[in-house]
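Asks: Input: one structure, supplied below.
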Amino acid sequence: MDNKKLKSILTLSAKYRLDVLTEVYDETDLTRALDAGATLIGINNRNLESFDTDIDRAAKIAAGIPSGIIAVSLSGIVSAEDIARQLQSGLSRFLVGEALSRSIDPASMLKSMIAIGGTV
Numbered sequence: 009m010d011n012k013k014l015k016s017i018l019t020l021s022a023k024y025r026l027d028v029l030t031e032v033y034d035e036t037d038l039t040r041a042l043d044a045g046a047t048l049i050g051i052n053n054r055n056l057e058s059f060d061t062d063i064d065r066a067a068k069i070a071a072g073i074p075s076g077i078i079a080v081s082l083s084g085i086v087s088a089e090d091i092a093r094q095l096q097s098g099l100s101r102f103l104v105g106e107a108l109s110r111s112i113d114p115a116s117m118l119k120s121m122i123a124i125g126g127t128v
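In my numbering, the protein residues as written are 9 to 128.
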């Protein structure tokens with residue numbers, strides 16, 4: 009999506025009081041999102057070309073997000089330990105999907121993640 013369209017979508021969404029999770033993968037994406045007015049940034053830990061995940065990516069990218077902007081770590085989080093590691097880097101919001109859907113006991117897994125102190 010080009011910068012003009014992104015800004016238009018974010019502006020229209022704000023008019024109707026809708027929050028938009030703007031997904032970024034790298035610093036270039038982050039700059040585009042912030043310049044367009046994004047206030048809720050999802051940092052994708054998954055490389056969409058190779059499908060490899062690196063949960064440290066979110067912490068690295070989040071360092072460039074100004075205060076007042078919400079950062080969410082997306083993809084690759086599979087344990088309470090991953091949540092703890094991300095919390096130590098300053099992140100506090102996470103999207104956890106695949107790990108829960110593959111878990112034998114997703115309720116227990118989710119409880120252990122929430123107990124660490126993040127928002128899943």
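Even glycine gets a Cβ: it sits at the ideal position worked out from N, Cα and C. Being a predicted model, the structure only gives us computed values, none of them experimental.
1. Output the distance between the C-alpha atoms of Glu57 and Asp34, rounded to the nearest integer angstrom.
2. Applying the 10 Å Cβ sphere with the 16-neighbour rule, what's the burial state of Leu20?
3. Would you call Leu38 buried or exposed, if buried means 16 or more other Cβ atoms sit within 10 Å of its Cβ?
4. For Asn52, collect the residues of the same chain with a Cβ closer than 6 Å to its Cβ; drop the 5 residues on either side in sequence, then sort them by chain order.
5. The beta strand (DSSP E) with Asn52 in it runs from where to where?
6. With C-beta atoms as the reference, is Val86 less than 8 Å away from Ile49?
7. Since Leu118 contacts Ala66 with CB under 8 Å, what's their CB separation in whole angstroms?
8. Check the DSSP bridge columns for Glu35 and list the partner residues they point to.
9. Determine the DSSP secondary structure at Ile122, reduced to helix, strand or coil.
10. Applying the criterion that 16 or more other CB atoms from any shown protein chain within 10 Å of the CB defines a buried residue, is Leu18 buried or exposed?
Replies: To lay it out plainly:
1. As a working note, residue 57 is residue 49 in the sequence shown. As a working note, residue 34 is residue 26 in the sequence shown. Rounded to the nearest whole angstrom, the CA to CA distance from Glu57 to Asp34 is 13 Å.
2. Residue 20 sits at position 12 when you count from the first residue of the sequence shown. By the 10 Å Cβ count, Leu20 comes out exposed.
3. As a first step, residue 38 must be located in the sequence shown, where it is residue number 30. Buried: at least 16 other Cβ atoms inside 10 Å.
4. By one-based count along the sequence shown, residue 52 stands at place 44. Residues Glu31, Tyr33, Leu82, Ser83 of the same chain have their beta carbon placed closer than 6 Å to that of Asn52, with the five preceding and five following residues left out of the count.
5. Stepping through the sequence shown from its first residue, residue 52 is reached at position 44. It spans 48-52 - the beta strand (DSSP E) in which Asn52 sits, taken as one unbroken run.
6. On the sequence shown, position 78 is the one that residue 86 refers to. On the sequence shown, position 41 is the one that residue 49 refers to. No. Outside cutoff.
7. For this step, residue 118 is matched to residue 110 along the sequence shown. For this step, residue 66 is matched to residue 58 along the sequence shown. No, Leu118 and Ala66 are not in contact; Cβ-Cβ is about 19 Å, not under 8 Å.
8. As a first step, residue 35 must be located in the sequence shown, where it is residue number 27. Beta-bridge annotation (DSSP): Glu35 is not paired with any residue.
9. To locate residue 122, count along the sequence shown from 1; it is residue 114. In the structure shown, the three-state DSSP call for Ile122 is helix.
10. The residue given as residue 18 occupies position 10 in the sequence shown. Sixteen is the threshold: when 16 or more other Cβ atoms of the shown chains lie within 10 Å of the Cβ of Leu18, as they do, the residue is buried.
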